[in-house]
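K.L.:
Dumping the structure here so I can ask a few things about it.
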Amino acid sequence: MDLTLDPIQAAFRDEVREWLAENVPREELGSLHTIEGIEAHRAWERKLYEGGFAAVHWPVEFGGRGMDPIGTLIFYEEYLRAGAPGRMNRLGLGLAGPTLIDLGTPEQQARWLAPILSCDHLWCQGFSEPDAGSDLANVRTRGEVSDEGILVNGQKIWTSWSLFADWMFAIVRTDPSSSRHKGLTYLMIDMHDPGVEVRPIKQLNGVSEFGEVFFDNVLVPHENVIGSIGDGWRVAMLTLMHERGTSLNTASHFRAMLRELIGMIPEDQLDDPRILEELGWLHEHVEGYRYMTLRTLSELVNGKEPGSQSAMGKLFWSELQVRLFELGLRTIGPRAELWDSDPLGSAPKNWRQRYWLGRAAMIYAGSNEIQRNIISERWLGLPKG
Amino acid sequence: MLFDLTEDQQDLQRLAKDYFAQRFPAGRLRAFWTGEDDDLGPVWRGLAEIGVLGLAIPEEHGGLGLGQFEFALVLEEAGYVALPSPLMETAAVAAPLIARFGSDAQRAAWLEPIASGEAMVTIAIDGSGFAVWGRESDVVVALVDGDLHLVPSAMIEWTALATDDEARRLAMASYHGIGPETLLAAGPEGVKHALALARSATAAALVGISQRMLDMTVEYSLQRQQFGRVIGSFQALKHRMADMAVSVQSARGLAWYSAYAQDHEPDMADLAARTAKSAAAAAGYECGRNSLQLHGGIGFTFEYDLNFWLKRGRALEAAFGNASDQRVEIGRSVLREMREDQISVENEEGVMSR
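If you read the protein sequences in the order shown, they are chains A and B. With my numbering, the residue at position 360 of the first sequence is 360, and numbering never jumps. If you count the second sequence from 1, you need to add 385 to reach my numbering.
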């Protein structure tokens with residue numbers, strides 16, 4: 001137990017802090033749901049890349065800084081502290097890239113890793129299908145294997161960033177006689193292929209962050225297979241393991257949201273014990289999340305298999321985040337439904353839309369019910385139902 | 386930066402776990418409750434022999450000079466076996482208070498006897514006037530008129546109180562002869578410090594108690610069959626146990642941090658202790674409520690051991706302020722800090738910006 005930074009960590013923190021102070025854009029970048037916003041974020045991502053900070057957790061030989069999980073946490077703490085823009089290519093940097101680093105061939109690594117870092121390629125994740133949500137092994141998108149490649153037909157859905165993505169990492173069923181976890185193959189699919197059609201899905205909060213993706217005779221060459229034909233489930237599980245690593249969803253991110261929330265509470269409610277108690281609950285949970293994640297990162301740095309808390313993060317932060325948004329909505333009463341701005345008070349812009357996105361987080365990346373199944377089966381040893 | 390146990394800390398945790406498993410198994414707890422064997426002297430002296438009672442006492446007074454963090458690991462294990470004794474009061478609260486605020490005479494009189502297992506100490510600092518193990522203790526850290534006093538048993542009359550958890554041995558104190566010679570720490574600083582230590586230590590014990598209730602519930606749900614299958618395979622029950630596990634892991638991280646803060650981050654000690662106490666009380670509640678429900682009728686019997694942990698958990702949830710009390714104060718403190726400086730960038734020394 002030691003919560004102080006060692007000299008190397010402190011030097012890295014200072015370097016990051018200094019670079020961010022000079023480079024973080026002063027104005028807010030546009031929304032990620034517009035072309036202009038995407039371009040502004042791309043420019044920022046390129047700046048990070050040029051500064052050597054695009055993916056500090058990647059090994060040095062692939063363009064990262066080779067930071068261990070604690071070093072990566074230090075980077076993101078500074079990133080949040082500096083008020084830097086949200087990261088854009090999170091599926092490429094956090095999932096596709098690390099999967100390629102673990103299992104890609106040197107040719108695959110040479111082809112895809114650098115454009116992820118520079119943000120020339122945006123990535124999306126092709127796992128969910130109409131009949132394969134929580135039950136991911138029920139994937140039905142077909143891939144016919146021949147000498148020319150894998151001919152893909154079928155449909156993915158709820159695909160975040162599919163409207164703007166250049167590449168998709170996906171699992172398809174290459175053995176038609178197989179079922180469940182067998183007979184799946186992990187592929188990189190070019191989203192610009194003429195056989196790929198993306199249809200935006202308008203969400204209840206008005207934006208289209210996700211879409212449906214249809215494949216009509218999309219021929220994917222063999223060199224786009226990660227691992228081998230039929231080995232897709234193992235590769236997909238490895239990808240999902242990277243979701244538990246560090247990311248922007250740090251405790252400090254939620255701490256910054258708590259700060260925003262506190263700024264919006266009307267003056268006449270600041271002594272209300274109901275509000276104070278709920279703020280106390282939120283502080284307790286933000287800090288609880290901090291030490292659960294810090295313990296996992298520390299165990300990883302120590303070369304240990306992380307403990308049960310490593311399976312609890314997503315469930316914990318997504319429920320905490322919703323409760324945080326809800327307290328904000330409660331304190332502003334009928335003004336809570338106002339949309340783009342709040343002319344009558346001090347509520348941050350888009351609080352309601354962000355609340356809805358927060359609700360989505362309880363569903364995506366493995367619904368919270370699936371998370372509870374995983375905790376009870378894998379960590380408590382309870383039988384599958 | 387590492388939020389994980391060192392090898393020495395893991396060894397200590399194992400030492401405590403093994404000691405309690407050997408010297409204080411569940412059958413021994415029941416024998417204490419039924420009065421069949423209520424002499425805990427050997428268990429207490431054994432704790433001194435393995436160095437636990439003097440863990441956080443300075444070396445010049447016969448201790449090991451370690452900190453609250455190490456002691457929190459022991460307290461969690463003591464909670465796991467629902468040890469009936471003023472372990473936390475003696476070694477995690479009274480000893481550091483005497484070491485920090487005591488006169489030379491007070492330090493000389495009490496620290497070494499605590500480390501060697503000769504002295505048992507309790508605390509009466511929450512304003513209620515009663516204390517666990519009052520009649521059995523040699524001296525009491527007492528809150529009287531806003532000051533902390535160190536009051537020897539000869540100056541106290543005790544009235545035993547009947548309670549839910551009989552193994553807490555609560556008694557109401559009335560003091561005679563309180564004066565400058567009994568003073569330990571004058572004013573609110575000492576009281577605040579004492580309460581932070583008590584909350585932090587209670588949180589550690591509650592984590593152990595909650596973990597035990599979770600383990601018992603998982604074990605039971607893997608044995609008990611209904612509708613032709615073990616009840617632990619039903620999703621409604623699995624999800625409750627998952628929530629119990631989450632509450633315990635969150636509380637454990639906060640209890641560790643709080644104990645660390647008592648040793649190394651004095652500015653954070655009070656808030657960290659309140660936060661740990663709040664989360665641990667919530668975990669105790671979550672685990673207690675669900676363990677009783679999932680055990681069904683058997684959990685309601687005295688014959689089944691669950692009730693020992695249930696009652697201890699409920700008692701400690703309320704001790705030194707329950708979750709609701711803590712959260713109101715935490716909320717006030719966070720609100721003040723963030724309102725005062727909305728754009729402040731805190732804590733220059735590390736990534737642990739709060």
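Glycine included, each C-beta is placed from N, C-alpha and C at the ideal position.
Should A:H121 be counted as a contact of the ligand COA given a C-beta to heavy atom distance under 8 Å?
P.N.:
Only the bare structure without any ligand can be found here, which leaves the ligand COA out of the picture.
K.L.:
Can you check which of these residues, B:R553, B:D511 and B:A504, is closest to B:S538 by C-alpha distance?
P.N.:
B:A504
K.L.:
CA-CA distance, A:M1 and A:E299?
P.N.:
For A:M1 and A:E299, the distance between alpha carbons rounds to 11 Å.
K.L.:
Shorter than 9 Å from the beta carbon of A:I332 to some beta carbon of chain B?
P.N.:
no
K.L.:
Could you tell me the boundaries of the alpha helix (DSSP H) in which B:R399 lies?
P.N.:
E392 to R408
K.L.:
Cutting at 6 Å between CB atoms, please list the residues of its own chain near A:E36, excluding the five before and the five after it.
P.N.:
A distance below 6 Å between beta-carbons, with the five flanking residues on each side excluded, links A:E36 to the following residues of its chain, in chain order: G30.
K.L.:
Is there a C-beta anywhere in chain B that falls below 9 Å from the one on A:N23?
P.N.:
no
K.L.:
At the level of alpha carbons, what is the spacing between A:P386 and A:S228?
P.N.:
The first residue shown for chain A is 1 and the last is 385, placing residue 386 of chain A beyond what the model contains.
K.L.:
Does the Cβ of A:Q321 have 16 or more other Cβ atoms within 10 Å, making it buried, or fewer, making it exposed?
P.N.:
buried
K.L.:
Looking at the C-beta of B:E734, does it have a partner C-beta in chain A at a distance below 9 Å?
P.N.:
Residue confidence is low: B:E734 scores 41 on pLDDT, short of 50, so the model does not pin down where it sits. Its coordinate-derived value is still stated next. Yes, contact with chain A.
K.L.:
Return no unless some Cβ of chain A is closer than 9 Å to the Cβ of B:G681.
P.N.:
no
K.L.:
Taking buried to mean at least 16 other C-beta atoms within 10 Å of its own C-beta, is A:K349 buried or exposed?
P.N.:
exposed
K.L.:
What residue from B:I510, B:N707, B:G684 and B:A657 has the CA that sits closest to B:G669's CA?
P.N.:
B:N707
K.L.:
What is the rounded straight-line gap between the Cα of A:A55 and the Cα of A:P334?
P.N.:
43 Å
K.L.:
Please check the pair A:F164 and A:L122, which I expect to be a contact at CB under 8 Å, by giving their CB distance rounded to whole angstroms.
P.N.:
5 Å
K.L.:
Short of 7 Å Cβ to Cβ, which residues in the region 694-707 of chain B face chain A?
P.N.:
none
K.L.:
Which chain A residues are close to B:R717, counting only those with a beta carbon under 7 Å from its beta carbon?
P.N.:
L276
K.L.:
Would B:A588 and B:K662 be called neighbours here (beta carbons separated by less than 9 Å)?
P.N.:
yes
K.L.:
Taking 9 Å as the CB-CB cut-off, is A:F53 touching chain B?
P.N.:
no
K.L.:
With H, G and I counted as helix, E and B as strand and the rest as coil, what does DSSP make of A:L416?
P.N.:
Summary: the structure shown does not reach residue 416 of chain A, with chain A confined to residues 1 through 385, and so no result is reported for it.
K.L.:
Hey, does B:T391 have any beta-carbon neighbour from chain A nearer than 9 Å?
P.N.:
yes
K.L.:
State yes or no: is the C-beta of A:G288 within less than 9 Å of the C-beta of B:S635?
P.N.:
yes
K.L.:
Classify A:L204: buried if its beta carbon has 16 or more other beta carbons within 10 angstroms, exposed otherwise.
P.N.:
exposed
K.L.:
How many angstroms separate the CA atom of B:S632 from the CA atom of A:W44?
P.N.:
B:S632 and A:W44 have their C-alpha atoms some 39 Å from each other.
K.L.:
Closer than 9 Å, CB to CB, is B:Q518 near chain A or not?
P.N.:
Inspection of the sequence shows that residue 518 of chain B is occupied by Trp rather than by Gln. B:W518 does not count as touching chain A.
K.L.:
Can you tell me the Cα-Cα spacing of B:G452 and B:G593, whole angstroms?
P.N.:
19 Å
K.L.:
Taking contact to mean at least 3 C-beta pairs separated by less than 8 Å, is the region 389-396 of chain B in contact with the region 295-309 of chain A?
P.N.:
yes
K.L.:
Could one say the Cβ of A:T105 lies closer than 9 Å to chain B's Cβ atoms, at least one of them?
P.N.:
no
K.L.:
What's the gap between the Cα of B:K577 and the Cα of B:P481?
P.N.:
13 Å
K.L.:
Is the CB-CB distance between B:A477 and B:A457 below 9 Å?
P.N.:
yes
K.L.:
Excluding sequence positions up to five away, which residues of its chain have a Cβ less than 8 Å from the Cβ of A:L238?
P.N.:
T99, D102 and L103
K.L.:
Between A:R17 and the rest of its own chain, which residues show a CB-CB distance below 8 Å, the 5 nearest in sequence each way excluded?
P.N.:
E78, R81 and A82
K.L.:
With a threshold of 9 Å between beta carbons, is B:T660 in contact with chain A?
P.N.:
yes
K.L.:
Candidates A:T4, A:P115, A:A236 and A:R372: which alpha carbon is nearest A:S308's?
P.N.:
Measuring C-alpha to C-alpha distances from A:S308 to each of A:T4, A:P115, A:A236 and A:R372 identifies A:R372 as the nearest.
K.L.:
For the region 104-171 of chain A, list the alpha helix (DSSP H) runs that are entirely contained and at least 4 residues long, ordered along the chain.
P.N.:
106-117
K.L.:
Cutting at 7 Å between CB atoms, please list the residues of its own chain near B:L607, excluding the five before and the five after it.
P.N.:
Answer for B:L607: V615 and G617, listed in chain order.
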